[in-house]
Structures are given as structure tokens and as C-alpha cells.
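The numbering of the sequence shown is this note's numbering, which starts it at 1108 and goes up by one.
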Amino acid sequence: MKSRTGRQRRIVVMLSSLMICGALLAACQNGTEESQDPNGAGKTQQESDGTTVHFTEDKGTDGDNAGGDDTSSSGNSDEGTGSESDNGSAGEEQGSSDDGNGATAEDPLLEKRSISALQTTIDAQSVVTNAESMTVIVNKQRSLPEGYEPDDLVEPNVPFSFDEPHEKRHMRKEAAEALEKLFAGAKADGIELRAVSGYRSYQRQVSIYNNNVKTKGQEYTDRVSSVPGRSEHQTGLAIDVSSPSVGNVLEEVFGTSKEGQWLAEHAAEYGYVIRYLQGEEDTTGYVYEPWHIRYIGTDLALDVAKSGLTLEEYFDEANIKL
Ligand SMILES: [Zn+2]
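This is the structure:
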């Protein structure tokens, strides 16, 4: 009986997602973000992230650091730069219903992926329709609704790279709680991490972006910095993390440190993924950023990590096999 139920459910899921696809196909041809990468961020070298990302918020250089201290070392806080792609993932993690067990259509993960599929979570203007979802995907092709601001921002109780009060100390509640667990897990393994930059408001992204255009030029800015409304930091689900061992910089060197390697290995256990993978600029729109992690929930994060896909690929309907 269970199998019947499962099969029926599977059929329903398949039909509904086919219908959704069909209906949306016409309306959203831009849904895929594949390689648009207009800004060519992909080309930025590794340095870019470091560099680029590191525009400073308001000043130009380590804006981020504004608050921080350690960060300054390289001055690149990504935050400052405002670069990251920040895409989010789309869907939300609702409960998992089904009694599915593995990889069938009854699999709650497949349901979540389907619900959060890129093609079903964007309108004709390329504005996401699920801004508040834990799986919202925001990137260079997908914008948050104008004026979007999460209503559950809190400050996670973790060590930051700076002392001052600042909006970048905040994250959405669920992500903040998961971050506390991640930091505790790291500490238990002898790994010392620092939170560098979390939430970034639309207004702050505007000033970062404009400042970068003014001081570095439009072309460069677009390679490393997000247009306001398209930064994953604005979702409240992303944060840049570094370590005192590398001076708390947001640069590729963090990826090769033992702390960066710990993060890459364990982030998913706490619901986070390394958002901008190495060699995936064409897909994510951003260069490798080993310090930028994005919360999507533990079940999905583990699945994403196992798949080796970027979030754009993971939530692309073409890769969701029911
Ligand atoms: Zn970031």
C-alpha cells in the first residue's frame, strides 16, 4: 500500500511540476542563470575575490573593516566589495512530508528542490517570488523585490572580526542559530573562526556599489560587486567567515587554511554551503569565495554538498529528476 501511495504521489508531483514548468516556461525565459555572467565575473582571477570582493563598503577599501580590525589585513572584505553573488536558493524548506526514503519522487528533498526550482521562483522581471524562503536564489540575474528586508534579523552569538555594532552582524534567526552551532562545532575541533560580514541592506549595497563605480570603474565593479537587490547578503542568509590565522581576510588564502578546509568539509552539517565554488564563475556569476557561506537548511545543504553542484545547478529544473 505504501508503494501505491508513493507512486500516486510521485505521479502527482511529476504532473504538477510539469504543469508549473510549462506555464512558466513562456513567462520566464530568463530564469536560468547559467552563464550569463554579464559582468564576466568569471574572469576575475582569484585575486578578484579577494580583491574585488573586497571593496570597501563606503570607502573603498576595506569598508567592511570599518567595523573590523582584523579584517583589514587584506582589505578585502567581501562585504565591502559587495561583490558576492549572493544568490540564494529558492525554495523553502518546509517540512518534509512523504514517507519517501531515498531518491524517489517521494523524497522530500526532491519536493523542496521542485518547489524552489529557479524556473518557478522568478517573475517576468527577474524578481524572485520567494524572497523569504530559506532556499531563495538571488544572483546577478535574479533580484530581490524592491525594498526587501528580512523581518527576523538577529545577531548570532559568535565571535566577529570587529567590535562595533553594525548591521552586518545580523542574520535571519534560523541562519543565525545554525551559525552558532557551526562555530561551536568548529571550536570543538580546535578551529577558530570569525564572522566578518552577514546581512547587508539594500541601502548599504547601493553605497558600496556606487562607491566602487566611482573609484574603480563600472566594468570592474560589475565583476566583483552586486547590483543593489542582487546581493545574497541582503537575504540575511549569507555570511562571510574567516580566521585569525589568515588575519581574518576574505581572500582565497582562507580556502587553503585549516580553518577554511574545515569549513568546506563541515559547513553542510550545519545547513550551510560554500556558495561560490572554484571554477564555477560561469554558473554563479562570481569568482571562488571560500569564505562566503549560505544557509539553506541541513538536509538540502548535505545533499548539495554531495552533489557537487552549485545552487544554480541544484535548483535548475533540468537537474531535478523526479
Ligand atoms: Zn559574502
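Glycine included, every Cβ here is placed at the ideal spot set by N, Cα and C.
Every value quoted in this text rests on a predicted model; they were computed, and no experiment measured them.
Query	Result
Reference TYR1255, options ARG1401, THR1342, HIS1373 and GLU1366, closest by Cα	THR1342
At least three beta-carbon pairs within less than 8 angstroms, the segment 1247 to 1261 to the segment 1285 to 1301	no
Whole-Å CB distance - GLY1378 paired with ILE1403, under 8 angstroms assumed	6 angstroms
Three-way DSSP call (helix, strand, coil) for VAL1360 in this model	helix
Nearest candidate by alpha-carbon position, reference THR1417, set TYR1393, LYS1428, ASP1406 and THR1405	TYR1393
For ARG1301, the residue or residues it bridges with in DSSP	SER1349
Local conformation of HIS1277 per DSSP, three classes	coil
Segment contact flag, the segment 1292 to 1308 with the segment 1262 to 1281, C-beta cutoff 8 angstroms, min 3 pairs	yes
8 angstroms Cβ shell around VAL1380 - same chain, five flanking residues per side excluded	ALA1374, ILE1400, ARG1401, ILE1403, ALA1408, VAL1411, ALA1412 and LEU1418
Alpha-carbon to alpha-carbon, SER1352 and THR1363	11 angstroms
Candidates ILE1315, SER1240 and GLN1368, of which the one nearest ARG1279 by Cα	SER1240
With 16 other Cβ atoms within 10 Å as the buried cut-off, status of THR1228	buried
beta-carbon GLU1366 near ligand 1 non-hydrogen atom, thresh 7 angstroms	no
Three-state secondary structure (DSSP) of PRO1215	helix
Coarse secondary structure for ILE1315, derived from DSSP in three states	helix
Short Cβ contact (8 angstroms threshold) for GLU1359 with PRO1397	yes
DSSP bridge partner residues for LEU1071 (one or two, in chain order)	Here the chain has residues from 1108 to 1429 only, and residue 1071 is not among them.
Helix, strand or coil at ILE1427 [DSSP, three-state]	coil
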